[in-house]
Amino acid sequence: MQKKKSYPYPEWRGWRKENKTPSLSEVFSSVSVPQKKGIWKKLFAFTGPGLLIAVGYMDPGNWATDIAGGAKFGYMLLSVIFISNFFAIILQHLALKLGIVCERDLAQACRDHYPPFISFILWILCEISIAACDLAEIIGSVLALKLLFGIPITWGVLITVVDVLIILFFQYKGFRYIESVVAALIFTILVCFSFEIISSKPEIFPILQGIIPNIEIIKNSHSFYISIGILGATVMPHNLYLHSSIIQTRDYPRTTIGKKMAIKYATIDSTLSLSLAFFINAAILIISAATFHRSGYTEVADIMHAHKLLTPILGSSLAGVFFALALLASGQNSTLTGTLAGQIVMEGFLNIQLKPWIRRLITRLIAIVPAMIVSIFYGEKGTAELLIISQIILSIQLSFAIIPLVYFTGDYEKMGPFANGPILKLSSWLITMIIILLNIFLLYDILH
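As structure tokens, then:
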């Protein structure tokens, strides 16, 4: 009887060739993980990537959809945020598992598995989604600069180019510096929204009722449209590429035991961070429902209008300041992760190494051009509509990132004993089908 081959086996088994270029090679395996320390020290070593991922779930694009949903439908769409966040937790678990087990990010995995033409199409679609995401970040930062300092929108768009230099500075200092900056900005957002929630005095029972799914969400075409936008703004396609890469910055043993340990702690980090993102997303909708919907301002659908009404409704001048400050922190945070994702996607799909400042400048310019054109010709109203459109683009692109991820992580030849079990495989494919069907409905609704 032939003896069964033991694990570990080379991480390129099941792939066409060995991956000789680490993802984000400049920071690959650069964060030390203590091997003989307690649980808390290990968890702290793995804390960071989840926060970077959580940023994408609280970016300015979420603000637009959550504000519109809360103002128009009260607390009803809280269930959509909750379900979307649950989807995100599962999908991000699959992304980090792919990176840890196979030591390649999702873009590298796609390049290896699919024919060059399919891989190229996936790259183009992914670049479109990153540009749409970056567009939301730019608009959010620009609106915040206008609200806080009165800087014109057109000048604000140009100022966002400087973000590239900030990211480069912190990455050269070390990946932990980037994670620390992100954590500080998330804390700022958390403090701001805690103040806003206390000031708005929401009703507890309607909030709990809103978490329970309501059939009216699907029956009403407007609420369904906003729900798709919330889904697109919550489950971010570029985050799946990002997470599969940045988890490899940890210096864990590349063995069976080491990978099991890494998956365990990385999943805890990811789940806790996304729970924090859920609180912030829910807070935006709750504030909108408690202030605008309750006061009869049901047509509030953009950030500028929301800011204008917050101070008179809540009776506090700090309400508008905290709102704008949280928006600026959100935009800057999303910039950090969006440009990193851009680098990962281009290097992974095309297998080319560009200097980081060139790659990030390209990503930012792709998004700046439409933002600049719209801000010059259409002003605030145009940028607000562009923000909603960017989230719809992200939602449509999502399917093209999820299908490869779910397939790869369920393949025993690629993942070995780390392949998705029956329950996880079934639930992940079910999530995929739900997202695809929702997007088909969305396209039908737009075209008719």
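Residue numbering for the sequence shown follows this note's numbering, starting at 300 and increasing by one per position.
Backbone N, C-alpha and C fix where the C-beta goes; we use that ideal spot for every residue, glycine too.
Cα-Cα separation, residue i to residue j
i: K316; j: A408; result: 10 Å
i: L444; j: A623; result: 8 Å
i: Q301; j: S418; result: Confidence at Q301 is low in this model, with a pLDDT of 40, below 50, so the placement of that residue is unreliable and no value is reported for it.
i: I661; j: P505; result: 46 Å
i: P703; j: P611; result: 49 Å
i: F287; j: I510; result: Because the chain here runs from 300 to 747, residue 287 falls outside it and cannot be looked at.
i: Y306; j: K341; result: Here Y306 scores only 42 on pLDDT, less than 50, and its place in the model should not be relied on; the value that follows carries that caveat. Whole-angstrom Cα-Cα distance: 24 Å.
i: D550; j: L609; result: 46 Å
i: E478; j: S526; result: 30 Å
i: K336; j: A344; result: 11 Å
i: F327; j: Y540; result: 15 Å
i: W362; j: F699; result: 24 Å
i: I516; j: S522; result: 5 Å
i: N738; j: Q334; result: 45 Å
i: S520; j: F416; result: 37 Å
i: E712; j: E402; result: 14 Å
i: I437; j: A367; result: 20 Å
i: I450; j: N719; result: 50 Å
i: Y308; j: D710; result: Reliability fails at Y308, whose pLDDT of 47 lies under 50, so the model's placement of it is uncertain and the value that follows must be treated cautiously. Between Y308 and D710, the C-alpha separation is close to 15 Å.
i: I722; j: D568; result: 22 Å
i: S499; j: V599; result: 16 Å
i: Q631; j: F494; result: 21 Å
i: L617; j: G641; result: 36 Å
i: F492; j: T590; result: 13 Å
i: L736; j: L729; result: 11 Å
i: L323; j: K654; result: 11 Å
i: E646; j: D411; result: 13 Å
i: L639; j: A565; result: 19 Å
i: I556; j: G528; result: 40 Å
i: G595; j: I514; result: 23 Å
i: P536; j: M732; result: 15 Å
i: I657; j: T554; result: 35 Å
i: Y413; j: Y706; result: 12 Å
i: K304; j: F717; result: Any answer about K304 is weak, because its pLDDT of 41 lies below 50 and its placement is not dependable; what the coordinates show is given next. Taking the straight line joining both Cα atoms gives about 15 Å.
i: K607; j: A406; result: 42 Å
i: N318; j: M714; result: 15 Å
8 Å Cβ cutoff met for residue i and residue j
i: S572; j: L395; result: no
i: V354; j: V481; result: yes
i: F648; j: L421; result: yes
i: I352; j: N538; result: yes
i: S383; j: I692; result: no
i: I734; j: T570; result: no
i: L390; j: Q696; result: no
i: P359; j: L664; result: no
i: L376; j: L584; result: yes
i: G373; j: A588; result: yes
i: I488; j: I579; result: yes
i: I399; j: I545; result: no
i: A442; j: M603; result: Correcting the residue identity first, residue 442 is Leu in this sequence and not Ala. Taking 8 Å as the Cβ cut-off, L442 and M603 qualify as a contacting pair.
i: P512; j: S726; result: no
i: I496; j: A582; result: yes
i: T548; j: K371; result: no
i: D404; j: I651; result: no
i: T708; j: L393; result: yes
i: V534; j: F386; result: yes
Residues sharing a beta bridge with residue i, DSSP
i: V330; result: R549
Residue nearest to residue i in terms of C-alpha spacing, selected from the options
i: F474; options: P348, G715, A581; result: P348
i: L457; options: L350, F468, L434, T731; result: L434
i: H592; options: D365, L342, K341; result: D365
i: A483; options: W728, S629, F448; result: S629
i: I338; options: Q642, L489, Y356, M560; result: M560
i: T634; options: E402, P321, S440; result: S440
i: F381; options: V461, Y413, I437, Q508; result: Q508
i: G637; options: G715, A406, V332, A430; result: A430
i: L397; options: K558, G641, I672; result: K558
i: V332; options: P552, T453, K371; result: P552
i: V668; options: S574, M645, K472, T453; result: T453
i: G369; options: F717, Y706, I657, P501; result: P501
i: K563; options: A605, S574, T346; result: T346
i: L575; options: Y356, K319, F468; result: Y356
i: K472; options: G715, E325, K319, P321; result: E325
Contact test: residue i Cβ vs the ligand NAP heavy atom, cutoff 7 Å
i: L723; result: Among the components of this structure there are no ligands whatsoever, and the ligand NAP is therefore not found.
message: Ignoring anything shorter than 3 residues, give me the beta strand (DSSP E) runs that lie fully in the stretch 493-556, in order along the chain.
response: none
- prompt: Residue ranges of each alpha helix (DSSP H) run of no fewer than 4 residues wholly in the stretch 409-481, ordered along the chain?
  reply: 415-448, 452-458, 462-472
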